[in-house]
Structures are given as C-alpha cells and as structure tokens.
C-alpha cells in the first residue's frame, strides 16, 4: 500500500477485486485479534454498497476459521437509519438478510439500535449497549471499522458543516435533520471513529473521484467529514477502485487479485 497524509491507499481494478481483498483483510484482522490477549474481534460496519460486497465475499473468507471463531466476534454498525428492521433503508436489516444469515455470529453479540424509540432515546440506548459490549474501554475501541464516503464527503451520518462534527462527549449521537433521507438517524461520533485500531474507507465509482481528490490531496480549511477521520493510534486505509481513484496524483499501490 502507498501512503498519503491521510493513510494508505490501495487501488483495485474492479469493485469485485476490491471486495475479495477487503474480505480477506477482515478475516486476517479477525484471526489476529482472536489470537491476542483479548481473544475477541470487534467489527463496525457501514451500509450502502458495502452490504452486497461483504455478503458476496466475507462468508467464504472467514469459513476456514469456523463457527468457534465467529462466536467471539462483536458486530456493531457505524450508523443506522431510524426505520424498522424490515424496511429497505435499514442497514442492520439488509445485513441480517444478506450476510448474517450466512455468518453464525451470536445474536447477542450483534449490537443494534432499537428503532421503536424516539431518535434521542435510540442514540442513548445504542450508546449504552456499546459501553456494555466494550466494558473496560473508556470509549468503544473497534478493532476494525469499515466506512463509506459520500460524494459530498460525508461518512457514517456525519455531514458537511453539521454541528455533530463538533461533538466530543457523546459516543453515539442522534440526527433528525439528515440532508440525505431518511432524516432521523443514529451515528457513531468522531471520537469513536478516531479511537479505532484500524479504519478502512471503501469507495467505488466515478462519482466518488472528485471528493476523494479533495480528501486525499487538498488541504482544505474546512475539511469534509471523511477527512476528519484520522485514528489517533490506529491505521487508516483507503480501498478504491480505478474509477474512484482516477483523479488522484498522490502515490498509491495498484492491486490485482487475478
């Protein structure tokens, strides 16, 4: 991988090759963490196109480790829409249908919001669940967070110029005025994102090229939210396909799994 000021950049020939490499990285990170002193693996997932990418590649990548390994995974979500789990906009609902039905992670270790609560209470409830899952940590420290980035530079449900970018106390925050529907959401805050041991941004398609150039090459006075994700002691990586990386002039490493 080649490094920029904002992390290690890997570029893949296609989203399919990117997905295969991402799944292998998740499997390797899990194995490393489970072999460590804590003997657990905490993974935070984002929605969007990542759902189908991980559903296609991750079950086979982690299958060799067996169900005993997956029983020690803790799974959370980087943000969530305040909709029922059977709604097409529910990130957890989509993962439950397409991925978790094929990964025997104990239901008790999959941390979700309660979509029946008002958004402020849903955020507080999710924060409480995370603190219980990460007992001993002053702030939840995920082993791996997989994040997306929007064409406007948003990540999770942290949007440009939004007051939540200044949040330093809460680990989970409600948002009722999301510029991207649905308006009510629950999101991890920057302190949690920047406490992670590894963060991987995944971006594919020409529609992400302009904002990636801004994030990875421009020194903006008012950075977009994704550019504010800079883990304090962890690693930051970017997994891009060629279309998303087409405007970059900084060094990156080209990968091919074929």
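Numbering (the numbering used here), first residue to last: -4 to 253. Glycine included, C-beta positions come from ideal geometry on N, C-alpha and C.
Put simply, the backbone Cα of residue 58 is about 42 Å away from that of residue 158. Distance check between residue 201 and each of 146, 114, 173 and 46 places 146 closest, using alpha-carbon atoms only. Cβ atoms of residue 56 and residue 18 come within 8 Å of each other, at about 4 Å.
Given a length threshold of 3 residues, each whole run of the beta strand (DSSP E) inside the stretch 46 to 104 is given here in chain order: 68 to 72 and 74 to 76. No Cβ-Cβ contact shorter than 8 Å links residue 190 with residue 241. A direct Cα-Cα distance of roughly 15 Å separates residue 243 from residue 222. For the pair of segments examined, the stretch 210 to 218 was found not to touch the stretch 168 to 187: the number of CB pairs separated by less than 8 Å stays below three. Counting along the chain, residue 152 sits inside no alpha helix (DSSP H), nor does DSSP assign it H or E at all.
Within the DSSP secondary-structure output, residue 172 pairs in no beta bridge. Scanning 165, 68 and 23 for the CA closest to the CA of residue 121 turns up 165. Counting the other Cβ atoms within 10 Å of the Cβ of residue 115 gives fewer than 16, which makes it exposed. Each of 92, 193, 110 and 154 was checked against the Cα of residue 140, and the nearest Cα belongs to 193. In the three-state scheme derived from DSSP, where H, G and I count as helix and E and B as strand, residue 22 is classed as helix. By the CB criterion at 8 Å, residue 67 and residue 95 fall outside the cutoff. Residue 4 has its alpha-carbon roughly 18 Å from the corresponding atom of residue 24. When secondary structure is reduced to three states using DSSP, residue 132 falls in the coil class, being assigned neither helix nor strand. Taking C-beta separations shorter than 6 Å and ignoring five residues to either side along the sequence, the partners of residue 86 in its chain run 42, 72 and 75, following chain order.
Boundaries for residue 219: no alpha helix (DSSP H) harbours it, and the DSSP string shows neither H nor E there. Burial of residue 152 is indicated by the presence of at least 16 other C-beta atoms within 10 angstroms of its C-beta. No Cβ-Cβ contact shorter than 8 Å links residue 49 with residue 70.
DSSP, read as helix, strand or coil, puts residue 138 in coil. In this chain, the beta strand (DSSP E) harbouring residue 37 covers 36 to 40. Under the DSSP assignment, residue 206 falls in the alpha helix (DSSP H) whose first and last residues are 204 to 212.
If you check the CB distance, residue 142 and residue 80 do not come in under 8 Å.
In this structure, residue 231 places its C-beta atom within 8 Å of the C-beta atom of residue 2. Beta bridge pairing from DSSP links residue 198 with 235.
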